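First to last, the protein sequences are chains A, B, C, D, E and F.
Under the numbering used here, the first residue of the first sequence carries the number 40, and numbering increases by one thereafter.
Under the numbering used here, the first residue of the second sequence carries the number 40, and numbering increases by one thereafter.
Under the numbering used here, the first residue of the third sequence carries the number 40, and numbering increases by one thereafter.
Under the numbering used here, the first residue of the fourth sequence carries the number 40, and numbering increases by one thereafter.
Under the numbering used here, the first residue of the fifth sequence carries the number 40, and numbering increases by one thereafter.
Under the numbering used here, the first residue of the sixth sequence carries the number 40, and numbering increases by one thereafter.
Just so it is clear, CB atoms sit at the ideal spot from N, CA and C, and this is done for glycine as well.
Only a predicted model underlies this, so the values are computations on that prediction, with no experimental measurement involved.
I have placed the structure first, in the form of structure tokens, so that the comments after it can refer back to it.
Protein chains: 6
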Amino acid sequence: MRIDKRKNNELRSVTVRTKYLKHAHGSCLIEMGDTKVVCSATVEEKVPFFCKEEKKGWITAEYGMLPASCSERIVREAAKGKLSGRTQEIQRLIGRSIRSVVDLKKLGERTIWLDADVIQGDGGTRTASITGCYIALKHAIKKLIEDGLLAKDPVRDSVAAVSVGVVRGKPMLDLCYEEDSKAEVDMNIVMTGSGKLVEVQGTAEGKPFSEAALKQLIQLGKKGIRELTGIQKKHV
Amino acid sequence: MRIDKRKNNELRSVTVRTKYLKHAHGSCLIEMGDTKVVCSATVEEKVPFFCKEEKKGWITAEYGMLPASCSERIVREAAKGKLSGRTQEIQRLIGRSIRSVVDLKKLGERTIWLDADVIQGDGGTRTASITGCYIALKHAIKKLIEDGLLAKDPVRDSVAAVSVGVVRGKPMLDLCYEEDSKAEVDMNIVMTGSGKLVEVQGTAEGKPFSEAALKQLIQLGKKGIRELTGIQKKHV
Amino acid sequence: MRIDKRKNNELRSVTVRTKYLKHAHGSCLIEMGDTKVVCSATVEEKVPFFCKEEKKGWITAEYGMLPASCSERIVREAAKGKLSGRTQEIQRLIGRSIRSVVDLKKLGERTIWLDADVIQGDGGTRTASITGCYIALKHAIKKLIEDGLLAKDPVRDSVAAVSVGVVRGKPMLDLCYEEDSKAEVDMNIVMTGSGKLVEVQGTAEGKPFSEAALKQLIQLGKKGIRELTGIQKKHV
Amino acid sequence: MRIDKRKNNELRSVTVRTKYLKHAHGSCLIEMGDTKVVCSATVEEKVPFFCKEEKKGWITAEYGMLPASCSERIVREAAKGKLSGRTQEIQRLIGRSIRSVVDLKKLGERTIWLDADVIQGDGGTRTASITGCYIALKHAIKKLIEDGLLAKDPVRDSVAAVSVGVVRGKPMLDLCYEEDSKAEVDMNIVMTGSGKLVEVQGTAEGKPFSEAALKQLIQLGKKGIRELTGIQKKHV
Amino acid sequence: MRIDKRKNNELRSVTVRTKYLKHAHGSCLIEMGDTKVVCSATVEEKVPFFCKEEKKGWITAEYGMLPASCSERIVREAAKGKLSGRTQEIQRLIGRSIRSVVDLKKLGERTIWLDADVIQGDGGTRTASITGCYIALKHAIKKLIEDGLLAKDPVRDSVAAVSVGVVRGKPMLDLCYEEDSKAEVDMNIVMTGSGKLVEVQGTAEGKPFSEAALKQLIQLGKKGIRELTGIQKKHV
Amino acid sequence: MRIDKRKNNELRSVTVRTKYLKHAHGSCLIEMGDTKVVCSATVEEKVPFFCKEEKKGWITAEYGMLPASCSERIVREAAKGKLSGRTQEIQRLIGRSIRSVVDLKKLGERTIWLDADVIQGDGGTRTASITGCYIALKHAIKKLIEDGLLAKDPVRDSVAAVSVGVVRGKPMLDLCYEEDSKAEVDMNIVMTGSGKLVEVQGTAEGKPFSEAALKQLIQLGKKGIRELTGIQKKHV
């Protein structure tokens, strides 16, 4: 039995509160168990230089954690004066994941800034960020269309993410922090609403794993993402 | 008449939600109109070197704004690699204000980290941070006492803060962003529950002001802080 | 009796040596007791982007302390690679104070860089910087007019600053370092030659203060600034 | 047919020159086609604080590229003053991969610094770095044993890495730069000599991929790593 | 007798391998004894702003050391986030030395980036960098001429460098690391192929030296540079 | 004839004002023509780690320029967040030069911080800094002896510095800024009171120079330093 009494293939309870912020073009507060992330999408009517030639748009993501979001207070990266490797990895992952379902040409020459800020963390903050940023993005796109700035929705598919892992020999879905810190294998899966893979990042924590384990974890992730896709649909 | 129909000496609606975060020793979400700040107090069982000799405790504050908290997206200070002068001024102000009502000797050799993170900003974020951090602090102290780590409450008085200013020639209490950006005089007042001044920071924005104006603003601030003190009492 | 035998409402001896630097458009060495600050105003024929639209000029200030200016050697901020919060607060204060008496539209699309460098510090360096930078500014403006680059003086009023404080229960004018380090209340007052307030920054060091004390300190500051205004007049 | 006439499941020509550096405890120059990486392992007789309690050793990796290693000159990270997100991701990957086959307790309280410096890059620099750093590590361990500082080899298994990807619809092994830049799916696989997975990092570049593709890529990677393991054996 | 059995006026064995890198316009690996430096010259078709007015080209140099190049592992400057004073001194020296023999007007409005990266260091890395960068430069110029981008060679003379010093009272040519670390006087001499001085940098390490010693060292350096000039001729 | 009517072998007028600062252990304001440098020596009763084993003292130097010291305002290095290569070169040169005449063992386990801050610059600031810092050092040593902290003077000889150069084909002593900016050869010479060389740094600006020129410049420098040594004697 899991710490919080879930079955091994069960997601934590998920709640989404859209239009969470007054100023952003799109936003939501996504909660997966005790993990709470504010996601927002802000539109800027210019693009980085590398998009200019191709006359395409751009989507980029930034990620942060409030100092008191975790069980030990986190030193602010603004105070340290630099982003950790972990933060940069996560930012790049969110950006890549969301871009994989958007036709940047159709977005037009504008940038969408995705921000994922963890108010409270209990494992799976990066995957919750992806799932939530997709919702924020869709709200921002809707606003662009309503404002007459965009003719057609450039988003081809939905995208969501979930963590899976092997804990005490058992494959499990959507690890909370305590499970994550004991996991032998830790994997983040990003998948589209139509069931295609966008990212698979599996890491042996201490002990290398078999192909069979990889396969099982992918199946678990698929199940979780199917459910998250259903939840996303209700909020966009 | 003010933008949001308030009277000149009227505070915006204030709501406080305590125990907002699971991990911090004390925390709250304070809202003053559309300004929303997560405040927390985290205890660390060590002190900076300059407190060691005197065997006293320390209280320090940090402040940040989420990128999408304002009408124009704010570049993350973590990404820029340094804190702005404004952030540092605010951090120092919050720390000084809260320390002014605490007997650091009685706190014992520990540090309390106050974090004020603006989820949404509409003027008065630094004063809301002070008012909210006092509440978070009291919850943290309560927990220290309950946990048997502290014998007596080292907090001598309450402390709250409010902004006042002169807008189109009229002294006003608790400016929202739009008022603040047009104010001729802008003042932040920090006061204790017993009515003593802790900080007075008045700035002429463009046009120097008279002593009479200073006096009027102090009176307005006093009224606001009396009301905030009442609200604080209900939540600590 | 005060450390240096002054009366409580007495300024330290003030000397000003204008045209202290060969290259700057305007400059002076201002001494208030043992506090010595080199102030200069340098004109640059361009403006920051946020002034372009309004076709106005800009005035900005920077502040520094020589490493050996104080009783304990100060680590160079250039060596540490960042400006302290204190330095940034002071820089912003000097800039705001001087801008409050200048019509930036009439200055034309140029920037005036004010530099205040403390050669020796004995309390009151930020207020001496404001008083001295006003003199440097006026010399720079005079040169612009003589050179035919400016038709009319854009400076509407003079501006000066002084520190006041409560030391051992007594309100005092123009604190030296030793007094400042023991002060219960510490206040910096910036005022125009015509007696209007530009900034009031009062801080309780340890012990909150009453409105009556605030009033007394303002009166003391007013007296000091009247005298400084008289000295400024002789040097511009 | 591939650019360099290889078959889709064929590695580039691999050469390893061990003892490439005079000072490091272990080192090699590994070449995979035109990709050339200097790998070294340096032993330091102390550990980071988080290893002290557990009385274990540590292995950490750093990665860099010479400015002229690529077709466009790369700006030095030392000159920019910070490591890119990509560099940090690679450093973390190399460190994690090598640690997965070492018993850190048996290593003793010492740190092994792995350095991978790309002299020339043509795709697959991070995977070549892992394959080469394993060899450098083994030489350093051998020296520790010869010097009587270590009784038993703490390395449990070998580890190697290779890139695979889908290019113009075809799964391919060991992509060169030109193939990599056109790949629809890009995957890095890290595996032990005994055929267990250590890391799987698959990314859709533009177009999400199927589970079937994932499976094919894993098979290709497995074949490549089997061959690399054979080469490693000859050099340790 | 010297450590490596050389005579006091003897260079270490010098080998040069040109076209060492595939991508750079010009490159070589220069070895002087155990000192090994990769030198490259990369052409960029733009110039820094200060060259634009004069319609001239620019040559600039950067220098680095691999972490494992020396007997103690060197912390990466990219990881520390800043260049040491030593690195900057060397970079400026290489750039100045090479520019002294090039007619920048004739180079045309382009920049040549010289990179000197020390793979292994055993004294004299900065002088080897100058000698090697000259060779890399000449190859890059040749390529520009072959590609029809440049009509005439803008290089007026060759330039090479060597270290000399006084070790245990004896003037010696081309110090290795062990000699260098014991030298009483340490001097770097940069000279043209036609025997003119470009730089003389002599430093007393601990004990001031006489004019007579200066003269002797210059003679020794001259001899060494004559030989290096001969070697350069064979490789350009 | 030179710009300021000096003969080619003539120093600018030199004035030294000792005890310029109240707090430093030793200090002076040195002026050479329009170049004005505040030099100070501050004693700290601890040493950097690399001196501990040898139980010796340390002397280190820092250098800065006030923003308005030169004809074009200099951006503060504190604001840029890093020291330029030029500043670091000068700091290292001053430190090395002064250390060359001090017996660090006899200094005892303490550090002397030399600070050279250019109030106004007109060429030769680094050489004036060395000449002035020697004076500041001697005053600090005197104070240590008077305070009973040091038994014997650890300074073995005096040290001074001067610039020489070739301007329009003529060797000249002590270049002012305008001469320096046109010089074909630029050399800084550091010499002891007893006529030994400490540093010789000669640089061809554009055009390599002959050994004969080197010899002439050394003679000129010698003459200048003899005179500076005489001035130093009067002030220590």
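Could you give the residue range of the beta strand (DSSP E) that holds E/K31? Missing from the structure shown is residue 31 of chain E; chain E here goes from 40 to 275 and no further.
DSSP three-state call for F/R56: helix, strand or coil? strand
For A/G232, collect the residues of the same chain with a Cβ closer than 6 Å to its Cβ; drop the 5 residues on either side in sequence, then sort them by chain order. D196, S197, T268
Anything in the region 153 to 172 of chain C with a Cβ closer than 9 Å to a Cβ of chain F? List those residues in chain order, please. D154, D156, I158, Q159, G160, D161
Nearest-angstrom beta carbon gap, E/D154 and E/P193 [assumed within contact, 8 Å]: Not confirmed; about 20 Å, so no contact.
Who pairs with F/I151 in a beta bridge, going by DSSP? F/V82, F/I98
Taking 7 Å as the cut-off, is the CB of B/K235 close to at least one heavy atom of the ligand ATP? Within the structure as shown, the ligand ATP is missing, as the structure has no ligands at all.
Look up D/L212 in the DSSP assignment and say whether it is helix, strand or coil. strand
Name the residue from D/L189, D/W152, D/S249 whose alpha carbon lies nearest to the alpha carbon of A/K261. A/K261 has its Cα closest to that of D/S249, out of D/L189, D/W152, D/S249.
Under 8 Å by beta carbon: chain E residues contacting D/T81: Going along chain E in sequence order, the residues near D/T81 (Cβ under 8 Å) are P106, A107, R112.
For D/K144 and D/K95, believed in contact at Cβ under 8 Å, the rounded distance: 5 Å
For A/K91 and A/E148, what's the separation of their Cα atoms in angstroms? 8 Å
Return the chain-ordered ranges of every alpha helix (DSSP H) run that is complete within the region 91 to 140 of chain E and spans a minimum of 4 residues. 116 to 119, 124 to 138
Which chain F residues sit within Cβ distance under 7 Å of C/G120? G120, K121
Please list, in chain order, the residues of the region 226 to 243 of chain B that have any C-beta partner in chain G closer than 7 Å. In summary, chain G is missing from the structure at hand, where the protein chains are A, B, C, D, E and F.
Whose C-beta lies closer than 7 Å to the C-beta of C/L122 among residues of the same chain, with five residues either side of it excluded? For C/L122, where only same-chain residues beyond five positions count, the Cβ hits under 7 Å are E116.
By the 10 Å Cβ neighbour count, where 16 or more other Cβ atoms means buried, how is A/A200 classified, buried or exposed? A/A200 comes out buried.
Taking C-beta pairs closer than 8 Å, name the residues in chain C that F/H274 reaches, listed in chain order. In chain order: nothing, as chain C lies at least about 18 Å away.
Residues of chain D with CB closer than 8 Å to the CB of A/E128, please, in chain order. Within chain D, the residues placing a beta-carbon under 8 Å from that of A/E128 are G124, Q127, E128, R131, ordered along the chain.
For B/V275 and B/I174, believed in contact at Cβ under 8 Å, the rounded distance: 6 Å
Please list the partners that D/H178 has in chain E, where partner means a Cβ-to-Cβ separation under 9 Å. Those within 9 Å of D/H178 in chain E number zero; the least Cβ separation is about 12 Å.
Can you tell me which of the three DSSP states C/D225 falls into? strand
Can you tell me where the alpha helix (DSSP H) holding A/E185 begins and where it ends? 164 to 185
Any beta-carbon of chain A closer than 8 Å to the one on D/P87? no
Inter-stretch contact (C-beta, 8 Å, three-pair minimum) for the region 213 to 232 of chain C and the region 219 to 226 of chain B: no
Collapsed DSSP secondary structure at B/A243 in the structure displayed: Assignment of B/A243 by DSSP, reduced to helix, strand and coil, places it in the strand class.
Applying the criterion that 16 or more other CB atoms from any shown protein chain within 10 Å of the CB defines a buried residue, is C/I257 buried or exposed? By the neighbour-count rule (16 or more Cβ atoms within 10 Å), C/I257 is buried.
Compare the beta carbon distance of A/L253 and D/V140 with 8 Å and say whether it is the shorter of the two. no
On the DSSP bridge list, what partners appear for E/G204? E/M211, E/D225
Identity of the residue in D/H64, D/Y102, D/S52 nearest D/E84 by Cα: D/H64
Of the residues E/G103, E/Y216, E/L212, the one placed nearest E/Q255, counting alpha carbons only: E/L212
Tell me which same chain residues have a C-beta within less than 8 Å of the C-beta of E/I158, skipping the five on either side of it? Closer than 8 Å at the Cβ level, and outside the excluded window around E/I158, lie L68, K75, V76, V77, L105, S108.
Could you have a look at F/E266 and say whether DSSP puts it in helix, strand or coil? helix
Between A/I98 and A/L132, what straight-line distance do the alpha-carbon atoms span, to the nearest angstrom? 12 Å
Cβ pair F/D186, F/G204 closer than 8 Å: no
The beta strand (DSSP E) that contains A/L68, what's its start and end? Taken as a continuous stretch (DSSP letters only), the beta strand (DSSP E) holding A/L68 covers 65 to 71.
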